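Enquirer: Residue numbers (my numbering), protein chains in the order written: chain A, 1 to 617; chain B, 618 to 773. So that we are looking at the same thing, I have put the structure below in structure tokens.
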Amino acid sequence: MNDLSDGDDYDYDDYDDHMSEDGGSSDGDEYAFDSQGPSSSRQAQYQVFSEAELRERQQQALSAVTSVLSIDENDAARLLRKYKWDPNQANEEWFMNADSIRKEVGLSDHRAPPTRSKTAVCSICFDSHKAGSMCAAACGHLYCKNCWRSYAETAVNEGPSCLDLRCPTVGCGAAVTQGVLDEVLDKAHRTKYDRYALRSMVEDSRRLTWCPSPDCQHAIENLTDSGAVAIDVVCKCSHAFCFSCHEEAHRPVDCATVKRWLIKNSAESENLNWILAHTKQCPQCKRPIEKNQGCMHMTCSQCRHEFCWLCQGAWADHGERTGGFYACNRYESAQRAGEHDEEMFKREQARNALERYMHYYQRWAENDASRKTSRKAAQETLPEQLSQLSEWTATPTSQLNFISEAWDQVVDCRRILKWTYTYGYYTFGAVSDGTGDKDVAKDVLAQHQEFFEFNQGQAEGYLEKLHSMAEKNLGEFRETLIGLTDVTRTHFRKLVEELEKGLSVMLNDYMVAPASMEPEAPAPAITGDLKGEKSLTKPRTAGGKRTRATAKTEREAAPPAQARGGSPRAAAHDRARGQASDLEAQAGFWQCSSCTLANHDFSATACEVCETPRPAH
Amino acid sequence: MSTPSRKRLMRDFKRLQSDPPQGVNGSPNPDNIMQWNAVIFGPDDTPWDGGTFKLTLTFTEEYPNKAPVVKFKSHMFHPNIYNDGGICLDILQNQWSPIYDVSAILTSIQSLLCDPNPNSPANSEAARLYGENRREYNRKVKEIVEESWKDDGEDS
């Protein structure tokens, strides 16, 4: 019943324990996520519930209250609704202040004495009925069943407010709980009431949310205590979204930035910038004018004002005095004198800003489009292709899983890559146009930008390689594809984590490994701190198993390299390199930096096929 | 064609006739029991004294689980009555209960006349005068009372 983002194995304690704890600030310790490592715990601490599982959970919350407070389940439901389905809070508050809560929620503990008279008048329909055929909430105000039914049906048809239904008697306020409703409502309305109750549990609880994908009935529980931080979750329906803002998953960018970006994309704000960049206002009527041809002598089509396009002075002032009609010296002399033309500057700035935005937006949109087509391919055509391929190559489909894994990775990475463009747009504004983060000095920011773009480029490079390889869809690329999938996954995960930590930290980490490192080494991010390497330790494929022995020898060979380094910096460098070779050893091959072939011969110094020298270790 | 709501409305009418409350009266349209006309007389010894104010009540098949729509036909000047005659009264909105009947609705509205709730003003001018210049307010109410007699004359 547990489901997590990436389908890797994980150990769960029974989550019931979690429910009876105090909000679970230490949840992180309870769950072990083998493939994630400590720093990425944010990524995986959630749980997907199906409807049946939600009902189970609801039942557990109810029994957590009924067992402690000795009230019946229907009353407990009312109480839990008040406390947003938090059994602990409900229990605590009740202990402290039972009487006032009883009154507020409408749960009286004074049971009405049974009526002695045989008949009673229902004060809704004014008919008299046998007392036995009438019913009442805990307050004992009797109404006939027909009137109860229509009263309750009207309430249920009104919507979720029926969960707060009260006795019709004016000034009574006793809660009408499910017990009475079950007695009078038909099945359709009972089902509806049940659904509202379930919905109220998910919608009231801060930790639960519905999957926003249309027609998806799953709910997600956030197991962390992070309030407004972006948390990517993947529903069982495969829809990936951010728990906090319900937009599509968008790490490493935070929710506020995403909102800003999406608004910017949809809003007209860029129109305004275009107008500013490409038009000037008529000096008289202030209407924007686009000059698309002709000389500098402008006549406004609206107010017939004649002016000079260059200096925006009245045309009448132009002539001998300014050095001729068609050479506006005033403008040039103003420039010569170093007078800063405010208007001009603003316009230039607007044009730059627009171009900059277009740059980032195009790349964002391209990656988005690519993600969508990849996703479509992975969902629609891939299964068919896989079964065909398994026929041709006589391999069981389960052995071909690596191809769909690669595709899933492509889809995932496209999404992350897309958002790194948003990140770049908002983070490095100060370098080019003075907007953005003002706390960081310009040169540091420029350095950050270079570094960010380098990392982004690296990540993108791997993704492109993986994508094109996956598209070839050939059996013999198996190892290459597996390797590339892992490398790309690691690279992107690291990119996201580091960006979230901040660029300064990232740069410092990186600076420890000096530039002397071979540019052909698998990737700088991989050789950094290898939190992601755990995912490679699992015997994912037969290939991985085969090279266990090699891995061992490689690792044993590593210590001398570490001892060699004198300074801490060099030691870190060596460690990084040692880890890189570890990584290769565990993957069971080393990858040619030129043709990406997976070479299994670790003693070789050059690629088997293209003979490109192997990067030194 | 006796639905629960129609049956209940007939009962309401019977109760209204057998036990008529002070100062209010009402009856269904002869050809449509879902549509009622009613009169509220201004309570004695108040500025409303002597006024005869006409209303309509429109019921739905969901009555008595849903409140009817009640509107004044006569021109009114009251903090909780809109210019179009609509009434801002809690029991006609969220505090409705199916145990209210026509006579309860009419008596509630009658008591609203002398006991307005200035916190939810539907007529801001009336609410302002009621709070700041009661004398002027009373004068305006008296005008309305006289106007209600004229309405009578025109209708009959």
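For every residue, glycine included, the Cβ atom is placed at its ideal position computed from N, Cα and C. What you are looking at is a predicted structure, and each value in this text was computed from that prediction instead of being measured.
Below 6 Å CB to CB, which residues in the same chain sit around A549/A once its five sequence neighbours on both sides are set aside?
Expert: Caution applies to A549/A, whose pLDDT of 37 falls short of 50 and renders its modelled position unreliable; the model cannot decide the point.
Enquirer: Can you tell me where the beta strand (DSSP E) with I403/A in it begins and where it stops?
Expert: That residue, I403/A, is in no beta strand (DSSP E); its alpha helix (DSSP H) goes 401–427.
Enquirer: Any beta carbon from chain A within less than 8 Å of K757/B's own beta carbon?
Expert: Chain A, which has no Cβ nearer than 8 Å to the Cβ of K757/B, makes this no.
Enquirer: Please list the terminal residues of the continuous beta strand (DSSP E) segment that includes F602/A.
Expert: First-last for F602/A: undefined, no H or E at that position.
Enquirer: Taking the alpha carbon of D732/B as the point to measure from, which residue in D648/B, K631/B, T663/B has its own alpha carbon closest?
Expert: Cα-wise, what sits closest to D732/B is T663/B.
Enquirer: Please tell me whether A743/B and H695/B are closer than 8 Å, where the distance is taken between their beta carbons.
Expert: Closer than 8 Å, so yes.
Enquirer: Between I416/A and R199/A, is the Cβ-Cβ spacing less than 8 Å?
Expert: In this structure, R199/A does not lie closer than 8 Å to I416/A by Cβ.
Enquirer: Please decide whether Y46/A counts as near chain B, where near means a Cβ-Cβ distance under 8 Å.
Expert: No, its Cβ sits nowhere closer than 8 Å to a Cβ of chain B.
Enquirer: To the nearest angstrom, report how far apart G483/A and Q217/A are at their CA atoms.
Expert: Computed Cα separation, rounded: 36 Å.
Enquirer: Taking the CB atoms as reference points, tell me whether R81/A and L185/A lie closer together than 8 Å.
Expert: No.
Enquirer: Which residue's Cα is closest to the Cα of M651/B: L626/B, I698/B, D636/B?
Expert: It is L626/B.
Enquirer: Near S108/A, which residues of its chain fall below 8 Å by C-beta distance, leaving aside the five closest residues on each side in sequence?
Expert: So the list reads R102, A138, C139, A174, once near-sequence residues are dropped.
Enquirer: Closer than 8 Å, Cβ to Cβ, to anything on chain A: give me those residues from the segment 698–714 of chain B, in chain order.
Expert: From the segment 698–714 of chain B, only S714 have a Cβ closer than 8 Å to chain A.
Enquirer: If you draw a straight line from the C-alpha of N599/A to the C-alpha of A459/A, how long is it?
Expert: One C-alpha to the other measures close to 22 Å.
Enquirer: Taking 8 Å as the threshold (C-beta atoms), are L382/A and S404/A in contact?
Expert: Against a cut-off of 8 Å, the Cβ pair of L382/A and S404/A comes out as a contact.
Enquirer: Might you give, ordered along the chain, the residues of its own chain that have their beta carbon closer than 7 Å to the beta carbon of V48/A, omitting 5 neighbours on each side?
Expert: The residues are D3, H218, I220, C235, K236.
Enquirer: DSSP puts L507/A in a beta bridge; with which residues?
Expert: L507/A is not bridged to any residue.
Enquirer: Taking only three categories from DSSP, how would you classify N711/B?
Expert: Correct three-state label for N711/B: coil.
Enquirer: DSSP on H246/A, reduced to helix/strand/coil?
Expert: Here H246/A sits in coil by DSSP.
Enquirer: With burial defined as no fewer than 16 other Cβ atoms inside 10 Å of the residue's Cβ, what is the status of K418/A: buried or exposed?
Expert: Counting Cβ neighbours within 10 Å, K418/A comes out buried, since at least 16 surround it.
Enquirer: So, helix, strand or coil for L463/A, using DSSP?
Expert: Looking at L463/A - three-state DSSP - the assignment turns out to be helix.
Enquirer: Which stretch, first to last residue, makes up the alpha helix (DSSP H) that contains I101/A?
Expert: Per DSSP, I101/A belongs to the alpha helix (DSSP H) from 87–105.
Enquirer: Alpha carbons only, please: which of G159/A, R371/A, F492/A is nearest the one belonging to D194/A?
Expert: Nearest C-alpha to D194/A: G159/A.
Enquirer: For the segment 710–717 of chain B against the segment 629–645 of chain B, are there 3 or more C-beta pairs whose distance is under 8 Å?
Expert: Short answer: they don't touch.
Enquirer: Count the other C-beta atoms from every protein chain shown that fall within 10 angstroms of the C-beta of T177/A, then say buried if there are 16 or more, exposed otherwise.
Expert: The residue in question, T177/A, is buried, as its Cβ has 16 or more Cβ neighbours within 10 Å.
Enquirer: At a CB-CB cut-off below 7 Å, which residues of chain A make contact with N682/B?
Expert: Residues of chain A passing the Cβ test: S150, Y151, T154.
Enquirer: For a test of the three-state rule: what should DSSP assign to P613/A, helix, strand or coil?
Expert: Here P613/A sits in strand by DSSP.
Enquirer: Could you check whether the Cβ of T169/A sits closer than 8 Å to any Cβ belonging to chain B?
Expert: Yes, because at least one Cβ of chain B sits closer than 8 Å to the Cβ of T169/A.
Enquirer: Let me know if C610/A comes out buried or exposed under the rule of 16 or more other beta-carbons within 10 Å of its beta-carbon.
Expert: By the neighbour-count rule (16 or more Cβ atoms within 10 Å), C610/A is not buried but exposed.
Enquirer: Based on the DSSP output, what are the partners of Q281/A in its beta bridges?
Expert: DSSP output for Q281/A lists P288/A as bridge partner(s).
Enquirer: Under 8 Å: do the segment 445–452 of chain A and the segment 489–508 of chain A share three or more Cβ pairs, one atom per stretch?
Expert: Judged by Cβ distances under 8 Å, the segment 445–452 of chain A makes contact with the segment 489–508 of chain A, as three or more pairs qualify.
Enquirer: What are the residues that DSSP puts in a beta bridge with V65/A?
Expert: Answer is none; V65/A lacks a bridge partner.
Enquirer: Which residue from E391/A, E290/A, N265/A, G179/A puts its Cα closest to that of I275/A?
Expert: Of the candidates E391/A, E290/A, N265/A, G179/A, the one whose C-alpha sits nearest the C-alpha of I275/A is E290/A.
Enquirer: Tell me, to the nearest whole angstrom, how far the beta carbon of L729/B is from that of L706/B; I am working on the premise that it is less than 8 Å.
Expert: Yes, L729/B and L706/B are in contact; Cβ-Cβ is about 6 Å, under 8 Å.
Enquirer: Between the C-alpha atoms of P621/B and K84/A, what's the straight-line distance to the nearest angstrom?
Expert: Looking at the two C-alpha atoms, the distance is approximately 38 Å.
Enquirer: In angstroms, rounded to a whole number, what distance separates the CA positions of F345/A and N352/A?
Expert: Approximately 10 Å between the Cα atoms of the pair.
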